[in-house]
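Residue numbers (full-length UniProt numbering): 1 to 373.
Where a beta carbon is used, it is the ideal one built from N, C-alpha and C, also for glycine.
Small disclaimer: the values here were computed from a predicted structure and weren't measured.
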């Protein structure tokens, strides 16, 4: 591993204290588990409705007794100041966000309030509390900053120009520059992680990858039901299109990179891009998910030779319907990242193959749906 990454063995025996905003989400829960394994005291900030025993808290049930959850909102600067003064964290992992790109077009004000103002509140709270020399800060940026490319297999790096194409991406770009400004103007040890798409069985139900995994699992159970089959088949999965290409990794691998970024010894720290360097289309994800349950797809084309859907090649049943009206106001065609800097400086490597990621998501949904039978 690079000499620019601190050795765990050289760290103090005193446990570090970490604060994770957005701890109930996919990344937050995996990161909390990782930090506990490394001996941290883990605190999490969660919105009051996210702190209820429900959809999000399920990600933390196995470790809930080992962490401290604080109820509050990233948009409230006074709560942040009070919290930082109380726990005096060595590391802050800022993951809280309104992260739905499509939703950002309908609620841009809320998106900016959470993603931009929330980040500003956190950075300013560190300054107000005088923690500049004690606390290291990680900010979750996104590959959406780049706006994508129209050419498949075009690699993006830390030096690629930013061309955000959604209120979500613009709000995150503003947060990115706030981190850099506070690093330069106030001496904060703060770093941006530009993470490309990363998924897991803990992915929220509104994201396209989880919708695909759930549709494949639902279709499989309808073909081979444990109980007498229902009179109606599940409706086909509906997507805006299948040609968008993304660089998909596993969230478990990516939170390891997040932690490693805060262990850098180089002053100032380097903002880094985290990606697998491999690209697949949405259609490829669909094929992999249905293939996991033994279903081969046959694509259906319209008069203009554009894909209009897909059917089960064995039964002819429709499993996918393309609805162009679902397209975003501005689409990002292709995203593919070159994480050479992180690999060379941190020694980070992704370890989960794409096929394993898809299988994990589909299998998890199968288990969940079977429990509901």
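Subject >> Boundaries (first-last residue) of the alpha helix (DSSP H) holding residue 79 >> reply: Annotation: the continuous alpha helix (DSSP H) that includes residue 79 extends over 77–87.
Subject >> Segment limits, beta strand (DSSP E) that includes residue 68 >> reply: Note, residue 68: beta strand (DSSP E), 68–71.
**OP:** Taking residue 320 as the reference, give the member of 314, 32 and 241 with the closest Cα.
**Re:** 241
Subject >> For residue 75 and residue 117, believed in contact at Cβ under 8 Å, the rounded distance >> reply: 6 Å
Original post:
Secondary structure at residue 293, three-state DSSP: helix, strand or coil?
Top reply: coil
Subject >> Helix, strand or coil at residue 198 [DSSP, three-state] >> reply: strand
Original post:
Can at least three beta-carbon pairs, one atom from the segment 260–272 and one from the segment 286–306, be found at a separation below 8 Å?
Top reply: no
Original post:
Among 40, 295, 170 and 177, which has the Cα closest to the Cα of residue 99?
Top reply: 170
Original post:
Is the segment 154–174 touching the segment 355–368, taking contact as three or more C-beta pairs under 8 Å?
Top reply: no
Original post:
From what residue to what residue does the beta strand (DSSP E) around residue 186 run?
Top reply: First-last for residue 186: undefined, no H or E at that position.
**OP:** Measure the Cβ-Cβ separation of residue 258 and residue 60 and say whether it is below 8 Å.
**Re:** no
Original post:
Is the number of C-beta pairs between the segment 115–132 and the segment 312–328 that are closer than 8 Å three or more?
Top reply: no
**OP:** Compare the beta carbon distance of residue 89 and residue 140 with 8 Å and say whether it is the shorter of the two.
**Re:** no
Original post:
If residue 249 sits next to residue 276, beta carbons under 8 Å apart, how far is it from one beta carbon to the other, in whole angstroms?
Top reply: 5 Å
Subject >> Reference residue 288, options 353, 273, 33 and 307, closest by Cα >> reply: 353
Original post:
Among the residues of its own chain, which have a CB less than 7 Å from the CB of residue 82, if the five just before and after it don't count?
Top reply: none
Original post:
Expressed to the nearest angstrom, what Euclidean distance is found between the alpha-carbon atoms of residue 369 and residue 23?
Top reply: If you take the alpha carbons of residue 369 and residue 23, they lie about 25 Å apart.
**OP:** Drop a sphere of 10 angstroms on the beta-carbon of residue 348, count the other beta-carbons inside from all chains shown, and report buried for 16 or more, exposed for fewer.
**Re:** buried
**OP:** For residue 328, name the three-state secondary structure that DSSP assigns.
**Re:** coil
**OP:** State the Cα-Cα distance for the pair residue 134 and residue 143, rounded to the nearest angstrom.
**Re:** 29 Å
Subject >> Proximity to residue 78 [Cα-Cα], best of 93, 63, 121 and 92 >> reply: 121
Subject >> Per-residue DSSP class, three states only, for residue 95 >> reply: coil
**OP:** From the DSSP output, in three-state form, read off residue 336 for me.
**Re:** The answer is coil: DSSP assigns residue 336 none of H, G, I, E or B.
Subject >> Per DSSP, cross-strand counterpart(s) of residue 192 >> reply: 139
Subject >> 8 Å contact criterion, which residue 165 and residue 362 should meet: CB distance rounded >> reply: In fact, because the Cβ distance is near 30 Å, the residues do not count as touching under 8 Å.
Subject >> For residue 348, the three-state DSSP class (helix, strand or coil) >> reply: coil
Subject >> C-beta atoms of residue 338 and residue 178 nearer than 8 Å >> reply: no
Original post:
For residue 28, does the count of other Cβ atoms within 10 angstroms reach 16, so buried, or fall short, so exposed?
Top reply: buried
Original post:
How many Å lie between residue 227 and residue 221 at the Cα?
Top reply: Note that residue 227 has pLDDT 49, beneath the 50 cutoff, so the model's placement of it is unreliable and the number below is only indicative. Distance between the alpha carbons of residue 227 and residue 221 is about 10 Å.
**OP:** Report the rounded CA-to-CA distance for residue 191 versus residue 371, giving the unit in angstroms.
**Re:** 42 Å
Original post:
By Cβ distance, which residues of its chain are closer than 6 Å to residue 210, with the 5 residues on each side in sequence left out?
Top reply: If we look at residue 210 and ignore the five residues flanking it on each side, its Cβ neighbours are 203.
**OP:** Output the boundary residues of the alpha helix (DSSP H) element that contains residue 368.
**Re:** From DSSP, the alpha helix (DSSP H) with residue 368 extends over 354–372.
**OP:** Closer than 7 Å by C-beta to residue 111: which residues in its own chain qualify, once you throw out the five before and the five after it? Chain order, please.
**Re:** 98, 104, 167, 168 and 171
Original post:
Should residue 15 and residue 44 be called a contact, given that it needs their Cβ atoms to be closer than 8 Å?
Top reply: no
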